[in-house]
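Each remark here refers to the structure printed beneath this line.
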Amino acid sequence: MRGARRAAPPAWPGTPTPLGARFRTGPDGVAGTNFALWAGGAEAVRLCLFDERGRETQVRLTELTHEIWHGFVPGVLPGRRYGYRVEGRWDPWTGARWNPAKLLLDPYARAVDGEFALPPEVYGHVRDWPEQAYADTVRDERDSAPFVPKGVVVHDDDDWSDDHRPKTPWADSVIYELHVKGFTKLHPGIPEELRGTYAGLAHPAAIEHLVKLGVTAVELLPVHQFAHEDHLLRRGLKNYWGYNSIGYFAPHAAYAASGTTGQQVGEFKRMVRALHAAGIEVILDVVYNHTAE
């Protein structure tokens, strides 16, 4: 049944902000998720919901506010995977390359599940004819959904009132540039099942080591969801450093020990809380021009 499409549930108007997917309970007590996507110039947007078997349900977003397509879908709960199909003109000569056969990842997704594969089906244009001139102007009509990651609806209801940022003065700061996987992968004091993960960095053995060094802040090398380059995958390799982001609002799922359908968000937050409790600030290395696009 993988890839089968099901009847669409009705969508309510919802709100254009905030962007992304936000689980909430409406004023009438109905729980669901509000979806909002900026798609300037698009002619139509379809929200695609996926169940645990990979079956796809499409919901047309009919509300448009300042080029933001939005809708509230009752019954969509945390853990649900989703993506978008956007319709519009196909005119590569003017830069218009809308292709609803290609499932798009929400750039505002708070969690991402799945890895990118890079077969020809993923590309908006035909890649099977490399010897033909202008092959990249021919639209590829094959479905890319089986080969791309999906966004995940999360329940962002954490109460941070008991968390306190250390706020160490700059003159007293000792910043440790740290790779989550590299720092924890071989640490003998961290349980093997937690090595290479956010939970591993939150482990008392990891924090004790940082405290003994006198570290007041860790600067985490890219922890946003990132993809692996095609030339690496062809050699059986992966991107280690992470400067190839595809989702700046989602913690990289491969660094989570607890799961990839939203659990990575909670694990990341618990790591931050544990570091703060030890007097260690958390700084994220963000480079916006290093993207997988």
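According to our numbering, the stretch in the sequence shown is residues 7 to 299, in order. C-beta atoms are modelled at their ideal positions from N, C-alpha and C, and glycine is treated no differently.
Asked, Found
"E49, buried or exposed, once every other Cβ within 10 Å from all chains shown has been counted against 16", "exposed"
"Buried or exposed (CB count within 10 angstroms, at least 16 for buried), L281", "buried"
"Rounded straight-line distance, which links the Cα of R61 to that of T31", "25 Å"
"Neighbour flag for N245 against chain D, beta carbons, 8 Å", "Among the chains in the structure shown there is no chain D, since it carries only a single protein chain."
"Reduced DSSP category for E235 - H, G, I as helix; E, B as strand; rest coil", "coil"
"Host alpha helix (DSSP H) of H215 (start-end)", "210 to 219"
"Contact set for K108: own chain, Cβ-Cβ below 7 Å, skip 5 residues either direction", "G130, S150"
"Range covered by the beta strand (DSSP E) that runs through A37", "37 to 44"
"Cβ separation of S264 and A205, assumed to be a contact under 8 Å, to the nearest whole Å", "7 Å"
"Burial state of G20, where buried means 16 or more other Cβ atoms lie within 10 Å", "buried"
"Best match in F56, P113, W75 for proximity to Y88 [C-alpha to C-alpha]", "F56"
"Reference I74; option with closest CA among W247, R86, P24, F153", "P24"
"Touching by the beta-carbon criterion (3+ pairs, under 8 Å), the segment 214 to 224 and the segment 169 to 189", "yes"
"Residue environment, A102, which counts as buried when at least 16 other CB atoms sit within 10 Å", "exposed"
"Limits of the unbroken alpha helix (DSSP H) element including F282", "The residue you asked about is not Phe; residue 282 is His in the sequence shown. Start and end: 269 to 283."
"Where Y204 falls: helix, strand or coil (DSSP)", "helix"
"Distance, G195 Cα to G47 Cα", "54 Å"
"Alpha-carbon spacing of Y261 relative to L83, whole angstroms", "24 Å"
"Burial state of L216, where buried means 16 or more other Cβ atoms lie within 10 Å", "buried"
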